[in-house]
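Keeping their order, the protein sequence lines are chains Z and C.
All you need for this note's numbering is the position in the first sequence, starting with 1, plus 217.
All you need for this note's numbering is the position in the second sequence, starting with 1, plus 2.
For every residue, glycine included, the Cβ atom is placed at its ideal position computed from N, Cα and C.
The model shown is predicted, which means the values in this text are computed figures rather than measured ones.
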Amino acid sequence: MHPVLKLVAQRIALSTLLLLAASVLIFVGTTILPGDVAQQILGQSATPESLANLRAELGLNDPAVTRYLAWLGAALQGDLGTALTNGRDIAESLGQRLGNTMFLAFWAAVISVPLAIFLGLLAVRFRDRWPDKLISGVTLASISIPEFLIGYVLMYFFAVKLGWAPSVAMINDSMSVWQKLNAIALPVGVLTLVVLAHMMRMTRAAILNVMQSAYIETAELKGLSTFSVIRRHAFPNAVAPIVNVVMLNLAYLVVGVVVIEVVFVYPGMGQYLVDHVAKRDVPVVQACGLVFAAVYIGLNMIADIVSILANPRLRHPK
Amino acid sequence: MTDPLLKVRGLKIGATIYPPGEKPRDIEIVHGVDFDLAPGKVLGLIGESGAGKSTIGLSSMAYGRGGVEITGGEVWVNGRDILKSRLRDVRALRGGEVTYVSQSAAASFNPAKKIMEQVIEAAVGHGKFSRRDAEERAVGLFRKLGLPEPETIGNRYPHQVSGGQLQRCMTALALCPEPDLVVFDEPTTALDVTTQIDVLAAIKEAIRDTGVAALYITHDLAVVAQVSDDIMVLRMGETVEYGPVDQIINAPQQDYTRALVSVRSIRHEEKSPGTDPVLRVGSVTARYKGTAFDVLHDVNVELHPGQTLAVVGESGSGKSTLARVITGLLPPSEGQIDFAGRVLSPDLKGRSIEDLRELQMIYQMADVAMNPRQTVGTIIGRPLEFYFGLRGAEKQKRIKELLDEIEMGDGFIDRYPAELSGGQKQRVCIARALAAKPRMIICDEVTSALDPLVADGILKLLLELQKIEDVAYLFITHDLATVRAIADSIAVMHRGKVVRYGPKSKVLAPPFDDYTDLLLSSVPEMKLGWLEDVIANRRMESAGN
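Spelled out as C-alpha cells, the structure:
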C-alpha cells in the first residue's frame, strides 16, 4: 500500500476513535449534571408517583452503560431521539438549524479565508513597512474586541444609521438566496472580522518562516519578483500550517457562533443549544454536543490529511 | 585584451551585527576590493570563513545575504554598473546574465517542486527560451553533467536524488539560461571526496564547453587550483594576493598565501604498537532499531595507549556508528568492547563512573556541544567536580592549568562560548575532555568545521597533549590529509566494514585495494593539472579492464 494511503487511513481511524471518546464524555457529562429531567418536565405538578412513572417511561432507571449504548446505536442510525420539552424529533429540527449555521459559516469562510491568505501574503510582501503594520494592527484590534460589541456597533451603523442590512438576521425557506444573503450580511461581517486575524497572522508567520530557507534565496537569485517568489516558492511549503489554522477557524465558525446567533437572533445551532440548555433538555444538548464534536474532529482530520498530502516526501517516496 | 565581463572597483560591503547585550552596530566586512574577469575565464576566490568571499561573489548579482549591504564601489557587468541599476534591470540580470550555484544544493532546491521545473524556471521566466527549448536544453545539460537517466531525472523531486546528483542539477540550473557568468559558491565542499572529484570534473567540463565565465569560491586551495585561470586570496575582507593560478600555487608572494599553500605541515612519526591495547573492538556488528541491515559488520580494531587510530571513510560508512557503539550509546548486536583490560558493558547504563571518566569524547560542532549559558570556567570545571570532587580554589587552579595546556590562558574563564572563535571553542571542548584525565578520547570529525589553518593548530595541540598526557585518540575523519598528519594506525571503512587496517605506513603504501585506491586518488592535490591526470588515469584503467 502507498505510504500516504496508510497515513490517511490511520488519521481517519484515529478520528473515529476520538469521536467515540468524545461521545462518551458528552454522555457522561450530561448524566452527572445535577437536576432531573423528569422533575424539570413535571415542574410544580410533580408527585412521587408521577415522577417515578415518567422516569421509567424515559428509561432513566436503566444502568448508564445500557442507556449510552442505546443512545449511540440510535444516533448512528440518524435517530437522535425526541426533545423532552416539545416532543419533536431532534434530528429534524437539528438538521434545519445545522443547515442554517452551515449557511452562515460557509459565507463567512468564503469571504474570510481568501481574504486572510491574501492579506497574509501582502503583509509578507511589505514586511515591516506600513501595509504590514496596518494589516496586523487592524486585524489584531478586531480580534481583541468582543464579538458581541462588534456585532452591535455594525448593527448601529449599517442597520440603524445607513439601513443597508436588517439588524435581525431571520431567515426562512420562503426567502430567495439573495434575500437570505442580505439578511446574514451583518453576522457574516462580524464573523469575518473575528476569524480574519488568526488566519492572516498564521499565514504571515508560516510564510516568513519559509522565507528564511536557502531555496528562497535561489528563487530571488533567479530574478523572480518578490510576489512570485512568495507565491511559487514560499506558499507551497507553508500550506500545512496555514491549512491547520484555517480548519481551526472553520470549526470555530460552526461551533463558536453561539454569541453571534444570539445577538442577531439567527435560527442556527447555537441558539437552539442555548435554548435547550436553559430548559435542561438533555437529549438535545447531547445531540448538539455530538454534532459539534463531529464537525470539530472532522475539520481537524481534513487539516491533518491536507498536511500529509502537501508533503512531497510522503507523496513521492524514494 | 577584450573588455572585462565583470569589473569590480573599490567594492565595500557592510553588515549590521547584534552583539549580545549591546546596541546593534554597523561594521564593514569587505574593505575595497578590485578585480576583473574576462569572458570565458574562471577566477577563484579563496579565503577562510569570514574572509568575505561569498559576499563578494553575491555582489556580482547586486545581492546581499541577510543584513548584508553593498555600501560602496562599482560592479560592472557587461558594461553596466549594476549597483546603480534599477531593481527591474537587476532582476533581469539575476538568473539571466549571472547565475549562482550554492554550497548546499539540498537546501537550495524547493522541496515542493520537481527538479525540471526549478531548473528551467529562470530561463523561461526571463524569456530566453520557450518552455520546450529550455527542457531540451536541461536534458542536454543533465547528460553532459553525467546524471543518470537524463531524460527523466527532471521529473523527480529533490529528495529523490542523492546529494552529489543534486549538486549537478544545481549546476544545470545555473547553466540553463545560458548566462555569461556563473558564481560557484563552494559547490563541492559538502560532498564526499570520491563524489567531489566527479562533480568537479563535470563542472570544469561544462565551463569549458559552454564558454561561460565563472567566479569559483572555496576555502580549499587545492580544489580551486584545478578549475581557475586566476586566483584571488582574501582575508578579512581584503585582497592578500591576486594573480594567475600558476603564480599563486608555485610562487606565492605573501606569507599568508604561503601558509595556505603549505598547510598540513605536521610531520608525525608513527609509533610502533606496544603490548596491551587500551581498546579492543572485537567482531562488533550493530544495527539501528527498526532497520533491517547492519550498519557495522564484524569490525575488529585495536588502539594502543598514547597512540592514534584514525577511522576514515565517507558519509554512511559507519565510522560515527562505531563511536556510538564504543561509548555505549548503541549496544552492538554481536561482539564486545574491551577497554583497559576489562570488558565494557554494551549499554551505557551498565557502565561505572570510572568507565565514563576514562573514555571521553570531542565532537565536530564545538558550539552545540557546549551550554551557551555557561562560562568556559563552568564548562571545564564540571568534570572536575563530577569525577574528582574538586571544589573552590583547588578547582580554579586546575581550570587554569587546563586553560594553559590548551594555550588559551586564564583570561577566558569568565567568557561565554558565543564570545569565542571556532578554534577556541574546540580548544575548550578538548580541555573539558582532558579534565577527566581519560585514557582515551574519541575525536569525531573535530577539525571538519574549522578553517585549514585553525584546524592545523588544533591537530598540533592534540599531538602535543598526547605526548604530555599519554592519552590515546580514536580519530574519526573523512579527511585523508588529517589522517596522514596524526595517525599511528588506520582503519579504512566502507559500507560498515573495515576494508583496510594496519599501521599507517602499511595502509598508505601500495598495493591498494580498490576502495582505498579510489579514496586516496580522489583527494585534491595542490598541483596544476591534477584533476585531468586523475580523470585520464581512471579512463585508461576502465578502458583496460
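- Message: Counting beta carbon pairs with one atom in the stretch 39-59 of chain C and one in the stretch 517-528 of chain Z, are three or more of them shorter than 8 Å?
- Response: Result no; under three Cβ-Cβ pairs closer than 8 Å.
task = State yes or no: is the C-beta of C:Gly320 within less than 9 Å of the C-beta of C:Arg497?
result = yes
Q. Along chain Z, in chain order, which residues have C-beta atoms closer than 9 Å to that of C:Leu95?
A. Gly440
(request) Thinking Z:Leu470 and Z:Ala326 are a contact (beta carbons under 8 Å), I'd like their distance in whole angstroms, please. (result) 6 Å
Exercise. Residues of chain Z with CB under 9 Å from C:Tyr65, in chain order?
Worked result: Glu434, Glu437, Leu438
Exercise. From the beta carbon of Z:Arg530, is the nearest beta carbon of chain C less than 9 Å away?
Worked result: yes
What residues in its chain sit with their C-beta under 8 Å from that of Z:Thr233, if we drop five residues either side in the sequence?
-> none
Does DSSP classify C:Ala437 as helix, strand or coil? helix
* Asked: C:Ser285 by DSSP, collapsed to three states: which one?
  -> strand
Handout entry: Close beta carbons around C:Val280, own chain, < 8 Å, minus the five adjacent residues each side
Key = So the list reads Leu305, His306, Pro307, Phe341, Ala342, Arg441, Met442, Ala474, once near-sequence residues are dropped.
For Z:Leu311 and Z:Ala504, believed in contact at Cβ under 8 Å, the rounded distance: 6 Å
Quick one: grab the DSSP three-state call for C:Leu476.
-> In the three-state reduction of the DSSP assignment, C:Leu476 falls in the strand class.
Query - Delimiting residues of the beta strand (DSSP E) encompassing C:Trp78 - result: 70-79
Contact criterion: CB-CB distance below 9 Å. Does C:Pro189 meet it with respect to chain Z? No, because no Cβ of chain Z sits closer than 9 Å to the Cβ of C:Pro189.
Hey, how far is the Cα of C:Leu95 from the Cα of C:Ser132? 18 Å
Point to revise | Whole-Å CB distance - C:Pro6 paired with C:Gly98, under 8 Å assumed | key: Contact flag wrong, Cβ pair sits at about 19 Å.
From what residue to what residue does the beta strand (DSSP E) around C:Glu493 run? Here residue 493 of chain C is Ala; the residue named in the question, Glu, does not match the sequence. 491-496 is the extent of the beta strand (DSSP E) around C:Ala493.
Q. For C:Gln468, which residues from the same chain have a beta carbon less than 6 Å from its beta carbon, with the 5 sequence-adjacent residues on both sides left out?
A. none
Interface partners of Z:Ala423 on chain C, CB under 7 Å = Those within 7 Å of Z:Ala423 in chain C number zero; the least Cβ separation is about 13 Å.
Item to check | Within chain Z, partners of C:Ile111 - CB distance below 7 Å | outcome: It is Phe, not Ile, that sits at residue 111 of chain C in the sequence shown. Correct list: Tyr432.
- Message: Using only the alpha-carbon positions, how far apart do C:Val378 and C:Arg417 sit?
- Response: So the alpha carbons of these two residues sit roughly 6 Å apart.
Checklist entry - For Z:Trp324, is the classification buried or exposed, using 16 other Cβ atoms within 10 angstroms of its Cβ as the cut-off for buried? => result Only buried fits Z:Trp324, as 16 or more other CB atoms lie within 10 angstroms of its CB.
9 Å Cβ cutoff met for C:Cys178 and C:Leu147: no
Could you name the residues of the same chain whose beta carbon sits closer than 7 Å to that of Z:Val472, not counting the 5 residues immediately before and after it, in chain order? Phe509, Val512, Tyr513
Which same chain residues end up closer than 8 Å to C:Lys211 when comparing Cβ atoms and leaving out the 5 residues on each side of it in sequence? Here the sequence assigns Asp to residue 211 of chain C, which means Lys is not the residue at that position. Within the same chain, C:Asp211 has close Cβ partners Lys146.
Check: Whole-angstrom Cβ separation of C:Arg158 and C:Glu76, contact assumed at under 8 Å?
Finding: At roughly 42 Å, the Cβ-Cβ gap does not stay under 8 Å, so C:Arg158 and C:Glu76 are not in contact.
* Which parts of the stretch 397-423 of chain C are runs of the alpha helix (DSSP H), unbroken and 4 residues or longer, counting only runs that do not cross its ends? -> none
Practice problem: Verify whether the separation of the beta carbon atoms of C:Val235 and C:Ile492 is less than 9 Å. | Solution: no
**Message:** Short of 8 Å in beta carbon distance, which residues of its chain neighbour C:Tyr244, apart from the five on each side in sequence? Order them along the chain.
**Reply:** Phe37, Asp232, Ile233, Met234, Val235
Integer-rounded CB distance, given that C:Ala437 should sit under 8 Å from C:Leu404: 6 Å
>> Quick check on the DSSP output: the alpha helix (DSSP H) that includes C:Met442 runs from which residue to which?
In response: It is not in any alpha helix (DSSP H) - C:Met442 instead sits in the beta strand (DSSP E) that spans 442-446.
I want to verify the contact list: residues of chain C whose CB lies under 9 Å from the CB of Z:Trp454, in sequence order. The sequence shown places Asn at residue 454 of chain Z, rather than the Trp named in the question. Chain C residues near Z:Asn454: Asn112, Pro113, Ala114.
- Task: With a threshold of 16 other CB atoms inside 10 Å of the CB of Z:Arg195, please say whether the residue is buried or exposed.
- Result: Residue 195 of chain Z lies beyond the range of chain Z shown here (218 to 535); nothing can be said about it.
What is the DSSP secondary structure of Z:Ala226, counted as helix, strand or coil?
helix
* **Residue nearest to C:Val500 in terms of C-alpha spacing, selected from C:Thr323, C:Val195, C:Gly383** => For the residues C:Thr323, C:Val195, C:Gly383, the minimum Cα distance to C:Val500 belongs to C:Thr323.
Notebook entry, point to check: Under the three-state reduction of DSSP, which class applies to C:Met3: helix, strand or coil?
Noted result: Caution is warranted here: a pLDDT of 49 is assigned to C:Met3, below 50, making its placement in the model unreliable, and the coordinate value is therefore given only provisionally. Three-state result, C:Met3: coil.
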